[in-house]
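Before any comments, here is the structure.
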Amino acid sequence: MEARVFKLLLGFIYSDSVQEMEEEEDDVMWQHLLVAADRYDLLRLRLICEQKLCTYISTTTVATILALAERHHGRGLKDACFDFLIRAHANLQEVMVLGGLDHLASTCPLILKELIAQLVSPNKKARIDVNTAFVVVPASDMHQHFTRLLQSGEGTDVIFEVSGEKLHAHRCVLAARSAVFWAELFGPVKEGTTTGVIRIDDMEAKVFKLLLTFIYSDSMPDINEDEEYDDKEDLEEEEEEEEEDEEDEDEDEEEEEEEEEEDGRRRRGGGGGGGGGRRRRRRRRRRSDVAALACGSR
170 MEARVFKLLL GFIYSDSVQE MEEEEDDVMW QHLLVAADRY DLLRLRLICE QKLCTYISTT
230 TVATILALAE RHHGRGLKDA CFDFLIRAHA NLQEVMVLGG LDHLASTCPL ILKELIAQLV
290 SPNKKARIDV NTAFVVVPAS DMHQHFTRLL QSGEGTDVIF EVSGEKLHAH RCVLAARSAV
350 FWAELFGPVK EGTTTGVIRI DDMEAKVFKL LLTFIYSDSM PDINEDEEYD DKEDLEEEEE
410 EEEEDEEDED EDEEEEEEEE EEDGRRRRGG GGGGGGGRRR RRRRRRRSDV AALACGSR
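Its first residue numbered 170, the sequence shown is counted upward by one per residue in our numbering.
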């Protein structure tokens with residue numbers, strides 16, 4: 170791979186865009202960049218290259234571009250080449266004169282067979298409309314990649330201790346996004362060491378987490394999500410407490426009924442049998458004391 174091609178590759182990885190090239194070498198560089206994008210599995214870059222190469226399809230380039238598309242999974246680019254050859258008979262004739270089909274026969278014989286099959290197909294006239302885009306480049310998803318990087322924790326090289334909670338991050342990402350972080354991490358007044366922990370005591374951990382999320386994704390999460398989660402936990406605790414209180418009330422009612430029945434038997438029987446009622450009353454008082462202590466602790 171040429172150094173200038175790898176530079177373009179790096180430029181895309183860091184910016185999610187491709188810098189301008191010199192016009193006289195555009196088509197060749199886009200071909201080399203397509204190969205590099207396929208090699209490093211950069212889908213969006215590969216689609217950008219395919220889209221650009223569609224504009225360079227001509228009778229002198231179509232055979233080379235078609236073979237390239239076949240070798241590097243360029244389905245849209247391949248369709249554009251087929252469409253160019255089949256739409257106008259003059260294009261195919263000129264490619265044959267220039268030896269393009271011979272090139273395909275020696276490098277990608279299966280492609281040539283596929284082309285012949287489409288030429289003899291009764292539906293060849295029902296081709297895709299000329300204004301149809303053969304290659305559609307998706308919107309940038311760089312923020313998703315950086316968000317996954319933060320969530321995975323892979324490759325982190327700096328630790329922040331925020332209000333007692335340790336949070337991991339990547340120095341280069343922080344420095345690239347914030348001049349203050351650059352000064353703290355790489356400047357002459359940088360805090361800690363390369364393996365040290367940077368303490369932040371005047372900020373809540375959840376606020377710093379939101380800050381990190383924005384730095385990595387350039388967007389803000391729903392701040393109310395955590396609050397809703399806390400409210401849900403509080404509601405569940407309250408429901409559990411209410412259920413426990415209802416169970417205690419049911420037990421108290423049962424014991425009161427037992428006491429009344431026992432008092433009635435004692436009156437009818439001339440005394441005795443009061444020990445059980447007193448024990449239940451003491452047990453109920455102890456349970457009430459425990460419940461009061463529990464409420465006080467909450």
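Heads up, the beta-carbon is just placed ideally off N, CA and C, and yes, glycines get one too.
Determine, using beta carbons only, whether residue i and residue j come nearer to each other than 8 Å.
i	j	result
Ala249	Ile280	no
Glu194	Thr228	no
Pro190	Val174	Looking at the sequence itself, residue 190 is Met, so the reference to Pro does not match. The answer is no: Cβ separation not under 8 Å.
Phe315	Phe377	no
Glu385	Val331	Per the sequence shown, residue 385 should be read as Tyr rather than Glu. It is not a contact, given that the beta carbons lie outside the stated cut-off.
Asp207	His242	yes
Leu202	Leu178	yes
Glu431	Ala374	no
Ser309	Asp185	yes
Gln200	Leu222	yes
My assumption, with CB atoms under 8 Å, is that residue i sits in contact with residue j. Please give the rounded CB distance.
i	j	result
Ala338	Leu381	6 Å
His272	Ala238	Not a contact, Cβ separation roughly 14 Å.
Glu115	Leu246	Here the chain comprises residues numbered 170 to 467, so residue 115 is not present and cannot be evaluated.
Between the C-alpha atoms of residue i and residue j, what's the straight-line distance to the nearest angstrom?
i	j	result
Ala172	Asp370	47 Å
Val187	Asp196	14 Å
Ser290	Val204	31 Å
Leu254	Gly268	14 Å
Asp252	Val306	19 Å
Glu426	Arg436	15 Å
Val366	Val304	48 Å
Gln313	Glu323	15 Å
Ser321	Phe350	21 Å
Glu409	Glu416	11 Å
Glu413	Glu422	14 Å
Ile285	Val266	17 Å
Phe355	Arg368	16 Å
Leu288	His258	10 Å
Lys176	Met170	10 Å
Met372	Gly180	36 Å
Thr224	Leu319	38 Å
Leu270	Ala302	25 Å
Arg256	Arg244	18 Å
Ala348	Thr325	19 Å
Asn260	Arg317	47 Å
Looking only at its own chain, which residues have a Cβ that is under 6 Å from the Cβ of residue i, when we skip the five neighbours before and after it?
i	result
Val327	Ala338 and Arg340
Leu336	Phe329
Glu429	none
Ala274	Leu281
Near residue i, which residues of its chain fall below 7 Å by C-beta distance, leaving aside the five closest residues on each side in sequence?
i	result
Phe383	Met389
Thr230	Asp196
Asp387	His312
Val459	Low confidence applies to Val459: its pLDDT is 49, below 50, so where it sits in the model is not reliable, and the reading given next is rough at best. Nothing listed; no residue qualifies.
In the DSSP assignment, what residue or residues form a beta bridge with residue i?
i	result
Ala338	Val327
Val366	Ile328
Identify, in the order they occur along the chain, each residue of the same chain with its Cβ nearer than 8 Å to the Cβ of residue i, setting aside the five sequence neighbours on each side.
i	result
Ile182	Leu211
Ile226	Ile234, Ala249, Cys250 and Phe253
Arg240	Cys277
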